[in-house]
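Reading through the structure tokens given below for one structure.
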Amino acid sequence: MVPASAYIVAARRTALGRVGGLHRQRRLEELAAPVVGAVLADSRVAPARVDELIVGNATQGGNPARIIALAAGLPETVSAATIDRQCGSGLDAILAAIRAIAAGDAEVIVAGGAESLSTAPWRIAKPKSLYQTPHFIGVEPGAEESGDDVEAHAATEELAGRLGITRAQQDAWAARSHLRATAAREARRFIGEIVPIRANPEEMRDQSAVEPTLEDLSRLAPFLPPDGRLTPGNTAAMHDGAAFVVVVSEKVWNEIGRPRAMRLVASAAQGVGPGREAGAPIEAMKKLYRRLNGFNPKDIGVYELGESSAAQAIAFGADLGIDDDHLNPEGGALVRGQPLGAAGAVLVVRLFSHMVRHPADAGGPHHGVAALGALGGMGLAALFEAV
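In structure tokens form, the structure reads like this:
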């Protein structure tokens with residue numbers, strides 16, 4: 014359990030864009046800096062008060078957090094650190110900020126994730142001899158051997174097969190996720206959450222939120238023919254995007270007038286064995302539940318799961334007994350896309366919208382979970398409460 018002395022007082026993100034799409038010409042700092050500026054403006058904390066910027070990123074290399082800090086206009090004295098736990102990087106960055114403030118090491122930290130796959134450097138494997146041709150390396154750990162995402166798809170196919178989750182069930186989940194996202198957008202639930210980098214409508218909605226029909230989804234070919242259950246329509250594709258929060262100490266929270274905020278209750282990370290990667294978020298949630306010391310999981314009003322596939326989401330809800338209305342109630346990563354190092358931070362921003370922008374006294378949840386799997390067989394989960 015983390016001491017209740019660190020508060021998330023603001024949270025923002027970009028619209029998520031397909032690789033080569035909405036953000037195709039934006040370097041990482043161009044994508045992230047406007048969000049850092051917006052989230053600080055929301056928090057009413059002066060940039061001069063920021064102690065550190067912590068960024069989750071998996072593809073840039075080096076320490077891009079420092080470049081983002083300077084591009085965002087933070088003082089040169091602000092320290093910066095980059096965390097890489099693949100898809101879990103953004104959530105890890107936020108948890109690191111909370112722990113640093115709870116330990117008394119800082120009073121204001123901006124934390125989150127950013128990923129610009131469209132402009133990230135290419136990774137090339139060094140040949141084992143002078144007679145071999147160099148080849149590109151994907152983002153999946155170990156991809157220098159396989160060269161593609163076949164292993165990840167195989168792990169999810171194994172999960173679906175073991176639990177009897179059919180192709181039709183996955184397509185139905187995907188279609189419903191799009192409908193939920195459309196309803197949320199029409200109800201203006203994303204207003205105040207998404208930072209438009211330019212003033213045009215495209216910047217205010219996630220690019221892959223296209224609302225396909227069940228017929229559209231059923232016509233898509235599986236990744237692993239002939240009988241595979243996973244398709245481009247019921248899995249989450251990699252996207253570009255950035256998401257950040259401002260975490261402050263109790264002293265600063267009091268200074269800015271004790272605005273509605275979120276604070277961490279508990280978190281957990283869990284590794285799983287080869288071939289079981291798709292079940293990692295389930296194992297992380299079970300570990301989190303064991304840490305709650307009498308807290309009733311039924312009191313959790315919303316679960317934001319960064320699902321890699323519909324099969325993973327269906328298995329997550331069924332195994333943990335989660336009410337279907339509480340799991341990704343406004344669409345998930347199947348709709349938005351998965352911005353790798355920023356994915357976990359997007360989940361926290363979504364929780365902030367549920368729990369702070371739409372407060373509990375107006376019918377919103379008081380407790381919420383952010384959970385996802387990370388490439389390489391890791392699961393992460395964090396429980397937050399509104400204050």
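Residues in the sequence shown are numbered consecutively from 14, following our numbering.
In this text, a Cβ means the ideal position worked out from N, Cα and C, and glycines have one as well.
Predicted, not measured: the structure shown is a model, and the values here were computed from it.
- Whole-number beta carbon distance between Ala-282 and Leu-172, since they are thought to touch under 8 Å: Incorrect: roughly 20 Å between the Cβ atoms, too far for contact.
- State the CB to CB distance for the pair Asp-97 and Gly-354, rounded to an integer number of angstroms; the pair is presumed to be in contact (CB under 8 Å). With 8 Å as the limit, Asp-97 and Gly-354 qualify as a contact, their Cβ atoms being about 7 Å apart.
- Query: What's the C-alpha gap between Met-298 and Ile-210?
  - Reply: Distance between the alpha carbons of Met-298 and Ile-210 is about 35 Å.
- Message: Quick check: what's the CA-CA separation for Gly-69 versus Leu-108?
- Response: If I take the Cα positions, the gap works out to 11 Å.
- Query: What separation, rounded to the nearest whole angstrom, lies between the Cα atoms of Ile-327 and Arg-289?
  - Reply: Distance between the alpha carbons of Ile-327 and Arg-289 is about 15 Å.
- Message: I need the boundaries of the beta strand (DSSP E) containing His-380, first residue and last residue.
- Response: Start and end: 380-387.
- Query: Based on Cα-Cα distance, which residue from Leu-83, Ala-167 and Arg-79 lies nearest to Ala-93?
  - Reply: A check of alpha carbon separations from Ala-93 across Leu-83, Ala-167 and Arg-79 identifies Arg-79 as the nearest.
- Message: So, with DSSP's three-state summary, where would you put Gly-117?
- Response: Residue state, collapsed to three classes: coil.
- Item | Beta-ladder partner(s) of Arg-276, from DSSP | Answer is Glu-398.
- Task: Determine, using beta carbons only, whether Thr-27 and Ala-256 come nearer to each other than 9 Å.
- Result: With respect to the 9 Å criterion, Thr-27 and Ala-256 are classified as neighbours on the basis of their beta carbons.
- Cα-Cα separation, Arg-232 to Thr-226: Roughly 10 Å between the two C-alpha positions.
- Item | Same chain, Cβ closer than 6 Å to Arg-37, neighbours up to 5 away in sequence not counted | Correct list, in chain order: Ser-131.
- Message: Below 8 Å on the Cβ atoms is my contact criterion, and I expect Ala-243 with Ala-293 to pass it. Report the Cβ-Cβ distance as a whole number of Å.
- Response: Before going further, note that residue 243 is Leu rather than Ala in the sequence given. For a cut-off of 8 Å, the C-beta gap from Leu-243 to Ala-293 is around 17 Å, too long to register as a contact.
- Can you tell me whether DSSP reads Thr-195 as helix, strand or coil? Reduced to three states, the DSSP call for Thr-195 is helix.
- Check whether the Cβ atoms of Gln-220 and Gly-30 sit closer than 9 Å, and answer yes or no. Result yes, Cβ atoms of Gln-220 and Gly-30 sit closer than 9 Å.
- Query: Rounded C-beta distance between Leu-104 and Ala-395? I'm assuming under 8 Å.
  - Reply: So it is a contact: roughly 6 Å between Cβ atoms.
- Query: Just how far apart, CA to CA, sit Leu-192 and Ala-61?
  - Reply: Going by the C-alpha atoms only, they are around 43 Å apart.
- Task: Go ahead and pull the three-state DSSP assignment for Ile-122.
- Result: In the structure shown, Ile-122 sits in a strand (DSSP, three-state: E or B).
- When you compare each of His-379, Arg-218 and His-252 to Val-278 by their alpha carbons, which one comes out closest? For Val-278, the nearest C-alpha among the options comes from His-379.
- Task: Leaving aside the five residues before and after Pro-134 along the sequence, list all residues of the same chain whose C-beta is less than 8 Å from its C-beta, in chain order.
- Result: If we look at Pro-134 and ignore the five residues flanking it on each side, its Cβ neighbours are Thr-72, Gln-73 and Gly-74.
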